[in-house]
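*Asks:* Numbering (our numbering), first residue to last: 35 to 310.
Got a structure here, written out as structure tokens. Questions coming.
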């Protein structure tokens, strides 16, 4: 069984280092001339998959924008995951779950167990009940060849109050998260399956990412203000593991498939140049 790290390494080598979000929020549906209902959601998601799933390494559906339509929206999410995989893209489901015990295990079953219709290649999780509380997700990912991206240094203004807080050992909360994920990935080749989420707009923070040995998802590029050149300041010598993530910058070019593909190629070229 191939690990997520192996599949991601191969996908980036073949298609380039880019993750594109599928974020069908109301403003984007309106921009595309679509109704803010399940039919608009379905047309939006289907168009993005048709345009990009055969050419980008990762597609990242934001679960909340599907969940807001209830069970019918979740059905569209299931279809989006399936169609993306069939076209060759890896699917990173952005759910940011974080809980303890049997509840975390249930989330892991929902999103990482192949028996589930929501099963994705990887998910995002929140570590603020302690990284150890995420063990069921790590175990499920390891058992099924999946991946997990843990929030570490986010770009929202409220983040530093928690993430930069210093513990008794003198390390920040974020550095503790970084170090624990580094331990999980230690010695794995060509790439660990457990990654971190680090915002592209946070600048130099003094945190050490050099030992992570896993993918570093960098949201915040494009419409949120980040540029490919910002990645150097944030990631330094860890650039080789960075997975730049764009959403609105690409999605706003729709609904024409050719325009979505052109926007994707443009941002991918910029990322390749910045990442060397």
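Virtual Cβ for every residue (Gly too), placed ideally from N, Cα, C.
As the structure is a prediction and not an experimental result, all values here were calculated from the model.
For a minimum of 4 consecutive residues, which ranges assigned as the alpha helix (DSSP H) are wholly contained in the stretch 217-255?
*Replies:* As far as the stretch 217-255 is concerned, it has no whole alpha helix (DSSP H) run of at least 4 residues.
*Asks:* Closest to residue 237 by CA distance: which of 259, 274 and 178 is it?
*Replies:* Cα-wise, what sits closest to residue 237 is 259.
*Asks:* Excluding the 5 residues flanking residue 208 on each side, which residues of the same chain have their C-beta closer than 7 Å to its C-beta?
*Replies:* For residue 208, where only same-chain residues beyond five positions count, the Cβ hits under 7 Å are 186, 187, 197, 198 and 241.
*Asks:* Output needed for residue 134: all residues of its chain with C-beta closer than 7 Å, excluding positions within five of it in sequence on either side, in chain order.
*Replies:* 163 and 167.
*Asks:* For the beta strand (DSSP E) holding residue 131, just list the boundary residues, first then last.
*Replies:* Start and end: 124-131.
*Asks:* Check whether the Cβ of residue 65 lies closer than 8 Å to any Cβ atom in chain C.
*Replies:* Structure shown: chain C not included; a single protein chain is present.
*Asks:* Return the first residue and the last residue of the alpha helix (DSSP H) that residue 277 is part of.
*Replies:* Note, residue 277: premise wrong, no alpha helix (DSSP H); beta strand (DSSP E) at 276-280.
*Asks:* Does the pairing of the stretch 168-180 with the stretch 210-227 give three or more beta-carbon distances under 8 Å?
*Replies:* Contact between the stretch 168-180 and the stretch 210-227 is present, because at least three Cβ pairs lie under 8 Å.
*Asks:* Measuring only the C-alpha atoms, how far is residue 86 from residue 223?
*Replies:* Near 28 Å, if we compare the C-alpha coordinates of residue 223 and residue 86.
*Asks:* From the DSSP output, which residues share a beta bridge with residue 54?
*Replies:* Residue 54 is bridged to 93 and 280.
*Asks:* How close, in whole Å, do the beta carbons of residue 72 and residue 103 come, if the pair is a contact with beta carbons under 8 Å?
*Replies:* Rounded, the Cβ-Cβ distance is 5 Å, consistent with contact.
*Asks:* With distances taken Cα to Cα, identify the nearest neighbour of residue 60 among 76, 250, 142 and 267.
*Replies:* If we check each option's Cα against that of residue 60, 76 comes out closest.
*Asks:* When the Cα atoms are used, what is the spatial distance from residue 306 to residue 139?
*Replies:* Rounded to the nearest angstrom, the two C-alpha atoms are 37 Å apart.
*Asks:* Note down the Cα distance separating residue 89 from residue 203, rounded to an integer number of angstroms.
*Replies:* Going by the C-alpha atoms only, they are around 45 Å apart.
*Asks:* Report the three-state DSSP secondary structure of residue 206 (helix, strand or coil).
*Replies:* Looking at residue 206 - three-state DSSP - the assignment turns out to be strand.
*Asks:* Nearest to residue 245 by CA position, among 212, 79 and 36, is which residue?
*Replies:* Measuring from the Cα of residue 245, the nearest candidate turns out to be 212.
*Asks:* Determine the DSSP secondary structure at residue 215, reduced to helix, strand or coil.
*Replies:* Of the three classes helix, strand and coil, the one that applies to residue 215 here is helix, per DSSP.
*Asks:* By the three-class DSSP mapping on this structure, what secondary structure does residue 267 have?
*Replies:* Helix.
*Asks:* Between the alpha carbons of residue 286 and residue 150, how many angstroms are there, rounded?
*Replies:* C-alpha separation (whole angstroms): 31 Å.
*Asks:* Reducing DSSP to helix, strand and coil, say where residue 157 ends up.
*Replies:* Correct three-state label for residue 157: strand.
*Asks:* Find the nearest neighbour of residue 293 within the set 100, 304, 268 and 66, judged by alpha-carbon distance.
*Replies:* Per the Cα distances, 66.
*Asks:* Here's the rule: buried if 16 or more other CB atoms are within 10 angstroms of the residue's CB, otherwise exposed. What is residue 180?
*Replies:* By the 10 Å Cβ count, residue 180 comes out buried.
*Asks:* If you reduce the DSSP assignment to three classes, tell me which class residue 185 lands in.
*Replies:* Note: residue 185 maps to strand in three-state DSSP.
*Asks:* With DSSP as the reference, identify every bridge partner of residue 200, one or two as the case may be.
*Replies:* Answer by DSSP bridge pairing, in chain order: 206.
*Asks:* Within a Cβ cutoff of 7 Å, which residues of the same chain sit near residue 107, ignoring the five residues on either side of it in sequence?
*Replies:* Within the same chain, residue 107 has close Cβ partners 72, 75, 100 and 101.
*Asks:* Using only CA atoms, which one of 262, 115, 232 and 68 lies nearest to residue 300?
*Replies:* Residue 300 has its Cα closest to that of 262, out of 262, 115, 232 and 68.
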